[in-house]
Amino acid sequence: MLDEIFDNFSKNSIFKNKRTLQANYTPEVIRHRESEIKQIASILAPSLRLEKPSNLFLYGVTGTGKTLSVKYVVSQLLEKAKTGGFNLRIIYINCKLKKVADTEYRILAELLSALGKKVPETGLPTDSLYKQFIEIVNEEDQLLILVLDEIDQAVDKIGDSLLYNLTRLDSSLKGSQISLVGISNRLTFVDTLDPRIKSSLSEEQIVFHPYDAVQLKDILTQRATEAFKEGVIGDGVLDKCAAYAASEHGDARRALDLLRVAGEIAEREGGNVLEMKHIDQSEQKIEKDSVLDIVKSQPKQFQLTLLSIIENARNYNGTAFYTGDVFEKYSSFCQEARAKQITQRRISDIIGEFDMLGLITTKVISRGRGGKTREIRLAINKSLVEKVEGILRDNLSV
DNA sequence: CGAGATTCATGTGAAGTATACCTTTAGGCTTAA
DNA sequence: AAGCCTAAAGGTATACTTCACATGAATCTCGTA
4 MLDEIFDNFS KNSIFKNKRT LQANYTPEVI RHRESEIKQI ASILAPSLRL
54 EKPSNLFLYG VTGTGKTLSV KYVVSQLLEK AKTGGFNLRI IYINCKLKKV
104 ADTEYRILAE LLSALGKKVP ETGLPTDSLY KQFIEIVNEE DQLLILVLDE
154 IDQAVDKIGD SLLYNLTRLD SSLKGSQISL VGISNRLTFV DTLDPRIKSS
204 LSEEQIVFHP YDAVQLKDIL TQRATEAFKE GVIGDGVLDK CAAYAASEHG
254 DARRALDLLR VAGEIAEREG GNVLEMKHID QSEQKIEKDS VLDIVKSQPK
304 QFQLTLLSII ENARNYNGTA FYTGDVFEKY SSFCQEARAK QITQRRISDI
354 IGEFDMLGLI TTKVISRGRG GKTREIRLAI NKSLVEKVEG ILRDNLSV
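Here's what the structure looks like:
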């Protein structure tokens, strides 16, 4: 019985090579980023003579090819370094991943494990991680390029001590040198930094502008011809994808995701043509999945808080509500679920974190004599909210 | 009527606590010379 | 005497609590026109 399914599946696939649509895929030719790539390359090029390249900072909203461009240049560099016998090392870290790299300690731990050194996830003093890091780097003379993706998020959360320490690391290194490549979504990011860090970090800057619809279409076409078999893409599908993404400030990653998921949906339906309707379905599915992933990965107290927010959002039906309301609801949920109750102080912080995650929007307002508080609104659409609520209730048995 | 004081409900910062985990160290036991 | 194991001691990060002060506009108070 299953044989049939499997056979059908492999035979009728509309994909030729799905990998080319995945986020971490680096195509051989990167379109519409030639000048940026050249700039990055020329800035990092001194590393091939084992000279320290300037620290570099890249800006641009999500999906404008920052990460891709850097990775591309880096892989080329490594190749050159290998044939030339240089001792060049490049480490890429995404600072955004919750539970992996959202504190100074954890980012350092990540850094060390990239260098092949396992460190415990708690218990060690942070300086000792710096010490270990310096030790490893000093083992042999080398040039280290550190790519920190999404550092704006990290700095928002943990302050700039990490960057400060990293920029000052040079002095304790003997034969080796470190260059930093920071990647940020927010253009205003460096302005929030301590001036000392700012000057040393942003020796060079490159801004990535969003793709326009035509460029997006071009990119999609390029990838799609690699990814799909011939003739499976219906009329106007790529245009629609591009248009969608262009309206989302030119986010190419989103466009590619859209196309890939649409392909998967079409395939599962057993059809052999990718049609417009699949794009619509895909759009919903992507949003749903990403929100659900975030929600599921939250710790218990966060989930309880979120559930209280949802409950309040229903009661207030669109109008905003306040921290006090959420805490009250939260308290009753805690009793119901027999969970340990957390203080309002902490709930306030948690609400702030949900705001950062984009699940809700908040605004600190003063209600005059009614005091000062956060005005909270859910930022998820209705059908999704029900789904989320279901999961949460299930999970927490409330 | 209007300037200044008061007030409310919570934001926000700093310091403290509990827990889980890590390294170091000292003591005790075993082994081998 | 050397080697190995174990448990206690001393230390840290993290998530949370406690304490204390900061906010800022609506509202109140009271002197003045």
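Counting in the numbering used here, the first sequence runs from 4 upward without gaps. By construction, the Cβ of each residue, glycine as well, lies at the ideal position given by its N, Cα and C atoms.
Residue Asn97 holds the alpha-carbon nearest to the alpha-carbon of Leu149 among Asn97, Leu261, Leu395, Phe18. Look at the beta carbons and you see the region 75-87 not touching the region 189-207: under three pairs across the two are nearer than 8 Å. Per DSSP, Lys201 has no beta bridge partner at all. The alpha-carbon of Ile368 is positioned some 19 Å away from that of Gly361.
Annotation: the continuous beta strand (DSSP E) that includes Leu183 extends over 180-187. Shortest Cα-Cα distance from Leu146 to any of Arg226, Leu53, His252 involves Leu53. With 16 or more other Cβ atoms from the protein chains shown falling within 10 Å of its own Cβ, Pro213 counts as buried.
Between Pro56 and Ser182 a beta carbon distance of about 5 Å is seen, short of the 8 Å cut, so the two are scored as contacting.
Look at the beta carbons and you see the region 321-329 not touching the region 273-284: under three pairs across the two are nearer than 8 Å. One thing to note: Ala249 has its Cβ no nearer than 8 Å to the Cβ of Leu223. In this structure, DSSP gives Lys121 a state outside helix and strand, which the three-state scheme calls coil.
Restricting attention to Lys160, Ile353, Leu24, the CA atom closest to the CA of Arg263 is found in Leu24. Shown here, Phe324 sits in a strand according to DSSP, grouped into three states. Bounds of any beta strand (DSSP E) do not take in Glu314; it lies within the alpha helix (DSSP H) bounded by 303-319. When the alpha-carbon of Ser400 is set against those of Val210, Cys337, Tyr247, the nearest one is in Cys337. The closest CA to that of Leu190, considering only Leu172, Ser179, Leu176, Val210, is found on Val210. The DSSP-derived three-state label of Asn97 is strand.
Secondary structure at Lys299: helix, using DSSP grouped into helix, strand and coil. Counting only runs of at least 4 residues, the region 7-62 fully encloses the following alpha helix (DSSP H) elements, listed from N- to C-terminal order: 37-47. In chain order, Gln306 place their CB closer than 7 Å to the CB of Asn398, counting only its own chain and leaving out the 5 sequence neighbours on each side. Going by C-alpha positions, Glu37 is about 15 Å away from Leu61.
About 6 Å separates the beta carbons of Val240 and Ile282, which is inside the 8 Å limit, making them a contact pair. Linking Ala26 to Ala112 through their CA atoms gives a straight-line distance of about 25 Å. In this structure Ile383 touches Val294 by the C-beta definition: roughly 6 Å separates them, less than 8 Å.
DSSP, reduced to helix, strand and coil, places Glu142 within a helical segment of the structure shown.
Excluding sequence positions up to five before and after Thr129, its CB lies within less than 8 Å of the CB of Glu107, Tyr108, Leu111, all in the same chain and listed in chain order. If you look at Gln208, you'll find it in the beta strand (DSSP E) that goes 207-210.
A residue is called buried when at least 16 other Cβ atoms come within 10 angstroms of its Cβ; Val217 does not meet this threshold and is exposed. 8 Å or more divides the Cβ of Phe18 from the Cβ of Phe192.
Separation of the CB atoms of Val391 and Ile312 is rounded to 10 Å, and the pair is thereby denied contact status at 8 Å.
With a threshold of 16 other beta carbon atoms within 10 Å, Ile8 falls short and is exposed.
Cβ neighbours of Ser116 within its own chain (closer than 6 Å, five residues either side excluded): none.
Assignment of Asp105 by DSSP, reduced to helix, strand and coil, places it in the coil class. Per DSSP, the beta bridge partners of Leu381 are Ile363. Our two residues, Asp358 and Glu124, have alpha carbons roughly 27 Å apart in a direct line.
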